[in-house]
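S.K.: Position 22 (the sequence shown) corresponds to 11 in our numbering; numbering is contiguous. For every residue, glycine included, the Cβ atom is placed at its ideal position computed from N, Cα and C. Computed from a predicted structure; not experimentally measured. Submitted below is the structure of interest, expressed as structure tokens.
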Amino acid sequence: MNINTKTEGSQLTIALEGRLDTGSAPQLEGVLKENLRGVTDLVMDFQNLAYISSAGLRVLLSAMKLMKKQGSMMVRNVNETVMEVFEITGFADMLTIE
């Protein structure tokens, strides 16, 4: 999986490419830990994310909990496959999806 980050002021955009699963979830977790200090707006861009597993959902949940304390989190460009996972797991109701 490729992870691209872009910071503009207090907004951090993280674009994911590939599969967010047990193999790549720790990588995303590390990127979030390194980059979330001082961030008030987190944007997760899933335009090129092909798949998300429960391990990926766990990382999203952790990020969401942290961002509720320091700002907001939004998920953009969710494809049908990932949206189906969000709907089945209830994440569609918890996340702000654009």
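Give every residue of the same chain whose Cβ lies closer than 6 Å to the Cβ of Asn(-7), excluding the five residues on either side of it in the sequence, and list them in chain order.
M.R.: Excluding positions up to five away in sequence, the list reads Ala4.
S.K.: Between Thr(-4) and chain D, is the shortest Cβ-Cβ distance under 8 Å, so that the two count as touching?
M.R.: No chain D is part of this structure, which consists of one protein chain only.
S.K.: Short check: CB of Met63 to CB of Met53, under 8 Å?
M.R.: For Met63 and Met53, no; Cβs fall outside 8 Å.
S.K.: CB-CB under 6 Å to Asn37, same chain, minus the five flanking residues each way: which ones, in chain order?
M.R.: Taken in chain order, the residues that qualify are Glu6.
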